[in-house]
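What follows is a single structure, written as structure tokens, with notes after it.
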Amino acid sequence: MMAVATQVGASEFLIDMQGAAGNRVNVYANDAVLDRTPINDVLNPGPNWIRQIDLTMVYEAVDQPLWLEYKLQFKCPKPSKRGRGAPKQKTESTGMLDTPDSVEFRVASGTKSMKQDPAIIDLQPTDWQSTTSYTMRQAWNVACNNDSIVGAKEAVAVNRVVQSDALRPKLAAIGLNGLEMVPDGLSMSLLADFTWEKLWADVPKPAINNGRKLTPEESAAHKAKLAQMQQQVTEAQGRVQGRLATMKTDLDFTQTAAEYRGKRRLSRSESILIQVWTGKTEQEVVAANGNPAVRQAGIARTLSYGQAFDNRVMWQNLATGATYDGGGYKSCNVRYVLIPDSAGMLRVADVNVFGEASGDTRKIRDACTDILNVPNG
């Protein structure tokens, strides 16, 4: 293999080469590992982690796919797992796990590209299955010993650049043989090009997607699918543009509303109401609060809602003529101030809350309770 230098980070490894000339298969694994362990198994003791990696297989034979890409998930034993048949954890600081005689895996998803067919066909997920395949055991090593691989790469990196010649013996020293680093950042198609140009240069690369002429039915089906996809893209673009326009209008009005309020000191209730009501329309205010008292002054339209409680009393001592009073008074008024946005629609820019109280109000409930509402929905 050639010497390759890559940046520290996710790397692509050639983990297996199968078959003879004319029917060769190269297998690549990416060491960007994702944790797919169910949350209940993370929080509670369990035998395994579930780790996911991308595995790409490139085929030489004309009647085979150009490439297959799988998202594979493996059961990796937790460090605490012990028992007959379980991979043993080595004693050195790498924390390496011995490769087991068989591994459990499943296909989470995948795609393929055919030499004789322009379609990319999704591969279906599978249930858990066990295999003694060398290829899958090597893929298990990449998924389950990821920390050791990353540690080895960092140990031989100079200025965050990993040299494959230095990495190869480092991996072998911790028990990971047969992992050959290839240039990173390659898509499946570029990985296939790399394979043909660098590793299978002894034979010409077959024509891709031109092995046969499509039938009229296949051509019509592909055109219809393309038209459908173009229509979906156009509709999605329209939705995105509409949302962006709405977001811009909302942001512009939020700024305008802040300028309208100026540096007025807000009470706690006003601060909360302004957060949830800024930008809402008159219809939304009325839907949540009922019919208001309306006042128009200049560009501003004010919708007011009020409530008061009064249990004040007065009495007189008929013998002495002295008078006495008791009870108390509470009132609350909430005013929604609406100003026009850039399109001329009235929207809430400010909320004022006014409260008054006098006398003994201990037996009177808060007058604002029923009129500090939030938007419906």
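If you read the sequence shown in our numbering, its first letter stands for residue 1301, the second for the next number, and so on. For every residue, glycine included, the Cβ atom is placed at its ideal position computed from N, Cα and C.
Going by DSSP, Ser1448 is part of the alpha helix (DSSP H) stretching over 1446-1455. Secondary structure of Val1333 (DSSP, three-state): coil. Of the residues Ala1536, Val1533, Arg1336, the one whose Cα lies closest to the Cα of Arg1351 is Arg1336. At the C-beta level, Ser1631 and Ala1608 come within 8 Å of one another. In the pairwise beta carbon analysis, the segment 1542-1553 is classified as not touching the segment 1515-1527: fewer than three pairs are separated by under 8 Å. Around the beta carbon of Pro1425, a 10 Å sphere encloses fewer than 16 other beta carbons of the protein chains shown; the residue is thus reported as exposed. Take Ala1310, set aside five residues on each side of it, and the residues of its chain with a beta-carbon closer than 8 Å to its own are Asn1330, Asp1331, Ala1332, Asp1484, in chain order. Annotated three-state conformation of Ala1524 is helix, per DSSP.
The segment 1545-1622 contains, as complete alpha helix (DSSP H) runs of 4+ residues, the segments 1568-1577, 1582-1589 (chain order).
Counted as a single uninterrupted DSSP element, the stretch harbouring Lys1505 is not any alpha helix (DSSP H), since DSSP gives it neither H nor E. Distances from the alpha-carbon of Gly1627 to those of Ser1448, Ala1455, Asp1660 put Asp1660 closest. The continuous alpha helix (DSSP H) containing Ala1472 extends over residues 1464-1473. Counting every other CB atom within 10 Å of its CB across the protein chains shown gives Gln1429 a total below 16, marking it as exposed. In this structure Ile1315 is in contact with Leu1479, their Cβ atoms being roughly 6 Å apart against a cut-off of 8 Å.
By the Cβ neighbour-count rule, Thr1356 is buried, with 16 or more other Cβ atoms within 10 Å of its own. Residue range 1312-1318 is occupied by the beta strand (DSSP E) that includes Asp1316. By the C-beta criterion, the segment 1595-1610 is judged to be in contact with the segment 1571-1587, since at least 3 inter-stretch pairs fall below 8 Å.
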